[in-house]
Each structure stands twice: as C-alpha cells, then as structure tokens.
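Below is one structure, written out as structure tokens; comments come after it.
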Amino acid sequence: MAIIWPYPSSPSSYVSAGQQVVVPPQRCPACQRWLVGWGGYWRWLRAPLLIERIWIRRARCSACRRSHALLPDLVLVRRLDAVEVIGRGLASKLTSELGLRPIAEQFDVPPTTLRAWWQRFRVWSSRMLAQCTALAVALVGTAVDVSVGVAPERAALDVLRVAWRRAVARFGEGIGSPWSFWSRISGGQALGTHTTSPWAPGAGADWMAPSPLGGPAP
Ligand SMILES: [Zn+2]
34 MAIIWPYPSS
44 PSSYVSAGQQ
54 VVVPPQRCPA
64 CQRWLVGWGG
74 YWRWLRAPLL
84 IERIWIRRAR
94 CSACRRSHAL
104 LPDLVLVRRL
114 DAVEVIGRGL
124 ASKLTSELGL
134 RPIAEQFDVP
144 PTTLRAWWQR
154 FRVWSSRMLA
164 QCTALAVALV
174 GTAVDVSVGV
184 APERAALDVL
194 RVAWRRAVAR
204 FGEGIGSPWS
214 FWSRISGGQA
224 LGTHTTSPWA
234 PGAGADWMAP
244 SPLGGPAP
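For the sequence shown, position 106 (counting from the first letter as 1) is numbered 139 according to this note's numbering, and the numbering increases by one without interruption.
Here it is, written out as structure tokens:
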C-alpha cells in the first residue's frame with residue numbers, strides 16, 4: 034500500500050536528493066502507530082525536461098508488520114509521469130477542442146499514455162466527483178454548485194478545483210498545486226487500475242496528516 038506525503042518542492046529537487054530524501058514521519062494507516070524506515074526502491078519519474086530514477090522510501094509498522102511505499106505527491110501510484118503533467122494533460126483534453134494526439138505532443142508524452150490516463154479518468158470520474166464534492170462541503174460547510182448537464186469528467190475536474198481552492202483558503206499555500214492535492218486526496222490512486230475504487234470512503238482521508246499543516250480537516 035502507498036502513503037502519499039506532501040513534497041514541497043519540484044521534481045528536479047526530489048531527483049537531486051537521491052537516497053537522502055527526507056520524508057516526514059508517517060503513521061500506520063491501519064493502527065496509527067508511527068512507521069519505521071524499511072529501505073526503499075528506485076522508480077522512474079518523467080517530468081518536463083527530465084526522466085530520472087527517484088528513490089522511494091518504504092516504512093513498516095512494527096505492530097501490523099505491513100510495509101508501505103512513501104510516495105511524494107509529485108506522482109501517482111504506478112504512473113511514470115509527474116502528476117502535474119497528467120493533470121494538465123487531462124484538463125487540456127477536457128477543456129480544449131484538441132484531439133488526444135496534439136495534446137500528447139504538447140505534453141511530450143506518447144498518445145497511448147494520454148489515452149490510458151483518459152480511460153482511467155473516465156472510469157473513476159463519478160466517484161471522484163462525489164469524493165471532491167464531499168470534501169469541498171466538509172472544508173467550508175456550504176454546498177457546491179455542479180453545473181447541470183455537464184459530463185461527469187468535466188464536473189469532476191471542476192469540483193476538484195473547488196475543493197482545492199477551499200483547502201487553500203482554509204490552510205494556505207502549503208496545500209500545493211491542484212494536482213498534488215489530487216494525488217493526496219486519492220491516496221495516489223486517482224488513476225488506479227485496481228478493482229476497488231481509489232475514491233472509496235476513507236481513501237486519502239489522511240491527506241493533510243502528518244504535515245505541519247495541522248492534520249486532517251475535522
Ligand atoms: Zn500498524
């Protein structure tokens with residue numbers, strides 16, 4: 034299982050840190066005990082003007098003995114590309130008149146990659162819409178207007194932005210970009226290929242903790 038933590042800087046600085054990357058202490062998602070370091074592994078990261086291996090720390094719970102990959106919110110689980118590129122590519126697909134191929138060219142990714150993102154995004158868009166709406170309401174306590182007649186994919190993107198803006202208004206700029214926010218609230222599974230929904234109740238519920246921002250929203 035992956036735990037997504039807020040990384041405050043750029044992909045290139047994460048690359049430069051190598052195996053020295055500092056991850057804030059994390060709690061076990063099952064029993065809330067603090068996790069202890071449990072090695073790590075290399076994975077690839079593709080970001081604008083960069084394709085490099087990055088070090089992903091692992092940590093283990095001494096009580097449940099389960100280990101977890103500690104992924105920075107620069108990425109999604111099992112996706113090569115930076116979440117920023119994935120999110121902006123999908124937003125472009127949703128809001129521009131362009132086809133997949135020119136958008137893929139614009140973001141410098143293979144068209145098959147963009148198509149794969151799009152397919153997963155479509156699969157989860159209704160759940161994403163529900164999850165982001167619930168989060169946006171929890172953050173401020175007022176309803177969210179979802180435009181009638183808009184496709185669920187577009188509505189999901191719109192409500193993600195609403196939830197993100199509300200989180201920034203409440204907790205400040207430390208929330209990061211809409212796309213790293215998207216990674217955190219989905220537990221890194223926003224484009225997951227699992228049969229269970231990444232947007233199931235509780236997924237990414239600890240999206241703020243244990244960052245210095247003060248823990249999860251009440
Ligand atoms: Zn545990």
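For glycine and all other residues, C-beta sits at the position ideal for the given N, C-alpha and C. These figures come from a predicted structure and were not determined experimentally.
Contact annotation: the segment 176 to 190 does not touch the segment 83 to 99, with fewer than three C-beta pairs closer than 8 Å. Setting aside the 5 residues that flank it on each side, Ser129 is surrounded in the same chain by Ile136, each with a C-beta closer than 8 Å to its C-beta; the list follows chain order. Residue state for Asp191 is assigned as helix, using DSSP reduced to three classes. Each residue's CA atom was taken as its position, placing Ser125 and Gly205 some 26 Å apart. Minimum Cα-Cα distance from Thr226 among the listed residues Val118, Leu127, Arg198 and Leu109 corresponds to Leu109.
Boundaries of the alpha helix (DSSP H) around Gly122: Val116 to Thr128.
The segment 191 to 202 makes contact with the segment 170 to 180, as at least three CB pairs between them are under 8 Å.
In this structure, the beta-carbon distance from Ala102 to Ala35 falls below 8 Å. Taking the Cβ of Arg66 as the reference point, at least one heavy atom of ligand 1 falls within a distance shorter than 7 Å. DSSP places Ile87 outside any alpha helix (DSSP H); the residue lies instead in the beta strand (DSSP E), whose first and last residues are Leu83 to Arg93. A heavy atom of ligand 1 is found nearer than 7 Å to the CB of Ala96. Ala189 and Gln164 have their C-alpha atoms roughly 9 Å apart. Looking at the backbone, the Cα of Ser210 and that of Gly221 are separated by about 15 Å.
For Trp71, the closest C-alpha among the options Ser46, Val48 and Gln52 is that of Gln52. Nearest in C-alpha terms to Gln59, of all of Tyr47, Arg91, Ile208 and Ile218, is Arg91. With 16 or more other Cβ atoms from the protein chains shown falling within 10 Å of its own Cβ, Glu117 counts as buried.
Collapsing the DSSP output to three states places Ala223 in coil.
Placement of the Cβ of Ala63 at a distance of less than 7 Å from at least one heavy atom of ligand 1 is found. For Ile36, the enclosing beta strand (DSSP E) starts and ends at Ala35 to Trp38.
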